[in-house]
Amino acid sequence: MQACTMDPITEPEIAAAIRAATLEVFSTMLGMEIVAGESQSGKTAASFESGVVALLGLAGDWAGSGNVSCEPPFACKLASQLLRAEYEAVNEDVLDAVSEVSNMIIGNVKNFLETKLGPMGLSTPTVIYGRNFETRSAGNRDWVSVPFTSGSDGMNVQISIAPNRGRRRLTRAVHGGLPS
Amino acid sequence: MDVLIVDDSAAIRKILHRALKQANVTLGEVYEAGDGFEALASLKKNKVDLILSDINMPNMDGLEMLGRIKSDLALKDVPVIMVSTEGSQTKVIEAVQLGAAGYVRKPFTPDQIKDKLAGLF
Chain A
16 MQACTMDPIT EPEIAAAIRA ATLEVFSTML GMEIVAGESQ SGKTAASFES GVVALLGLAG
76 DWAGSGNVSC EPPFACKLAS QLLRAEYEAV NEDVLDAVSE VSNMIIGNVK NFLETKLGPM
136 GLSTPTVIYG RNFETRSAGN RDWVSVPFTS GSDGMNVQIS IAPNRGRRRL TRAVHGGLPS
Chain B
152 MDVLIVDDSA AIRKILHRAL KQANVTLGEV YEAGDGFEAL ASLKKNKVDL ILSDINMPNM
212 DGLEMLGRIK SDLALKDVPV IMVSTEGSQT KVIEAVQLGA AGYVRKPFTP DQIKDKLAGL
272 F
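From first to last, the protein sequence lines stand for chains A and B. Positions in the first sequence are counted from 1; adding 15 to them yields this note's numbering. Positions in the second sequence are counted from 1; adding 151 to them yields this note's numbering.
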């Protein structure tokens, strides 16, 4: 995130919210221990060579997206814990489990973001399963990324948000004064 | 007790069903719906004693569904507990004003569902 002295939120605050939301979801719903690593930021979201990514949109006076990504073994482990069943390969149930865990994590990060940035809407998750892809945000704001590990498996939770210029232009047009 | 669980996630519907079994209630039929439209269609055919519903769902969200249930003479007395990631006071107040009997934030433990039911039944 390009630093701006007027920013109502900082990268460390976003990273802390990601950490808190993720640890709460894993301990409450999955009963699974997970360790947070050092947060990072960058233009391209951190990703795995192959795996599962759940994407959610955020919209309000600030807009952007959040995603949760992991490799197939972690996705299966997560689904097995959540659904109390054994999954050894990614299938519909595993994708649904990743989708819902992501919804809870990003949803709870959103609840924190709203205390600083105002009301925000959250989209329903889109889950992608594949190989060799990377995720990039439009605009000039970076992803704030926090890695997590459980045993030898890992997961990334990431948020990218920026002021919603389109909404501000629309507000100015509606209340008088066309954008320059 | 016959229950309708409304959530677009099959995983959450399964978890809520499990939480209901762990609560000290005599469980009868448990119906499921993936959004507000499906829920209202289910309620036309099936009489229930309790509804557990998410808020953010496609097609018709939980708050719109709640409003329609509470303005239906045949359904308005069925308690509806919202189960959602939405944690803002504004959303909780909106749900209560529409007639929600309770609100549980995701993530939740089975005990939180059990405690909400104990308060109602």
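For every residue, glycine included, the Cβ atom is placed at its ideal position computed from N, Cα and C.
Check: Segment contact flag, the stretch 226–238 of chain B with the stretch 174–181 of chain A, C-beta cutoff 8 Å, min 3 pairs; Outcome: no
Check: As assigned by DSSP and simplified to three states, the class of B/L155; Outcome: strand
Check: Beta-carbon spacing of A/I143, A/G81 below 8 Å; Outcome: no
Check: Proximity test, Cβ basis, 8 Å: B/G185 and chain A; Outcome: no
Check: Own chain residues within Cβ distance below 6 Å of B/E237, not counting five before or after; Outcome: I206
Check: Near the ligand GDP: B/V234 beta-carbon under 7 Å from a heavy atom; Outcome: For the structure depicted, the ligand GDP is absent and the ligand set is empty, with no information on it obtainable.
Check: Short Cβ contact (8 Å threshold) for B/M152 with B/D186; Outcome: no
Check: With 16 other Cβ atoms within 10 Å as the buried cut-off, status of A/R146; Outcome: exposed
Check: A/F163 versus A/V172: straight-line alpha-carbon distance, rounded; Outcome: 8 Å
Check: CB contact check: A/T139 to chain B, cutoff 8 Å; Outcome: yes
Check: Residue from A/D108, A/N118, A/A104 whose Cα sits closest to the Cα of B/K165; Outcome: A/D108
Check: Cutoff 7 Å; reference B/L249; Cβ partners in own chain excluding five residues on either side; Outcome: L214, L217, G218, K221
Check: Nearest candidate by alpha-carbon position, reference A/I24, set A/S117, A/G136, A/T130; Outcome: A/T130
Check: Exposure label - A/L193; buried when at least 16 CB within 10 Å; Outcome: Caution applies to A/L193, whose pLDDT of 46 falls short of 50 and renders its modelled position unreliable; the value that the coordinates give is listed next. It is exposed - the Cβ of A/L193 has fewer than 16 other Cβ atoms within 10 Å.
Check: Min CB distance B/F188 to chain A below 8 Å; Outcome: no
Check: Residue span of the beta strand (DSSP E) that contains A/V67, given as start and end; Outcome: 65–75
Check: Under 8 Å between C-beta atoms of A/G79 and A/V161; Outcome: no
Check: DSSP-derived helix/strand/coil call for A/I33; Outcome: helix
Check: Bounding residues of the beta strand (DSSP E) (the contiguous stretch that carries A/V142); Outcome: 141–146
Check: Within the stretch 213–244 of chain B, ranges of the beta strand (DSSP E) (whole runs, at least 3 residues); Outcome: 231–235
Check: Rounded separation between A/V113 and B/M208 - CA only; Outcome: 17 Å
Check: Per DSSP, cross-strand counterpart(s) of A/F163; Outcome: A/A51, A/M170
Check: Where A/I198 sits in the DSSP three-state scheme; Outcome: With chain A covering 16 to 195 only, the question about residue 198 of chain A has no answer from this structure.
Check: Cα-Cα separation, B/E183 to B/I244; Outcome: 26 Å
Check: Top-ranked residue by Cα proximity to B/L203, from B/I156, B/A251, B/Q263; Outcome: B/I156
Check: Whole-angstrom C-beta distance between B/P258 and A/E39, which should lie under 8 Å; Outcome: 6 Å
Check: Run of the alpha helix (DSSP H) containing A/L97, from where it starts to where it stops; Outcome: 87–98
Check: Span of the alpha helix (DSSP H), counted from its first residue to its last, around A/L129; Outcome: In the sequence as presented, Leu is not what sits at residue 129 of chain A; that position holds Glu. Per DSSP, A/E129 belongs to the alpha helix (DSSP H) from 107–132.
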